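In this note's numbering, each number is its position in the sequence shown, counted from 1, plus 211.
Note that beta-carbon positions come from the ideal geometry of N, C-alpha and C, so glycine has one too.
If you're wondering where the values come from, they're calculated on a predicted model, not measured in any experiment.
See structure below.
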Amino acid sequence: MINCVNTVEKNNNIFVHGDCIENLDFKEEYFSNIKVIDSLINRSEGSQFNKSLVFISKYSHVSFESRLNYAGLYPSGIYEKDRKGWIDWYEKNKCKNIQFKKK
């Protein structure tokens with residue numbers, strides 16, 4: 212007798228474990244965008260930085276209004292709070308087979 216709860220499969224870049232269906236392509240893209248922001252925060256917040264923020268904002272909160280300061284930079288305290296929210300959002304939703312949103 213096979214216990215389905217312990218079944219683990221990885222095909223088509225989908226990870227299935229019991230009731231959890233994790234889209235590994237989405238995970239890679241989501242965390243890749245967080246990594247871009249991590250590497251550019253308060254240094255070179257250009258078009259790639261903005262593109263990554265927009266991607267993340269489709270799924271989790273981004274405090275865009277906080278960048279409306281004289282320097283146009285993402286304040287580090289607000290960034291750290293937002294970043295924690297991005298990770299928390301992923302952890303809460305990863306088993307829901309997250310799909311990429313169009314625009």
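With distance defined between alpha-carbon atoms, name the residue in the options nearest to residue i.
i           : options          : result
residue 284 : 260, 225 and 229 : 260
residue 243 : 303, 297 and 313 : 297
Measure the alpha-carbon distance for residue i versus residue j and round it to whole angstroms.
i           : j           : result
residue 295 : residue 262 : 19 angstroms
residue 311 : residue 229 : 23 angstroms
residue 225 : residue 272 : 25 angstroms
residue 266 : residue 256 : 15 angstroms
residue 239 : residue 253 : 24 angstroms
For residue i, count neighbouring C-beta atoms within 10 Å of its own C-beta (all shown protein chains included) and say buried if the count is 16 or more, exposed if not.
i           : result
residue 301 : buried
residue 275 : exposed
residue 241 : buried
Handout entry: Given 8 angstroms, three or more beta-carbon pairs between the segment 225 to 240 and the segment 300 to 307
Key = yes
Exercise for the section: Evaluate contact between the segment 238 to 252 and the segment 282 to 294, counting only Cβ atoms and requiring at least three cross-stretch pairs below 8 angstroms. Expected result: yes
Exercise for the section: Kindly provide the ranges of any alpha helix (DSSP H) runs that are 4 or more residues long and lie completely inside the segment 243 to 308, ordered along the chain. Expected result: 258 to 268 and 287 to 304
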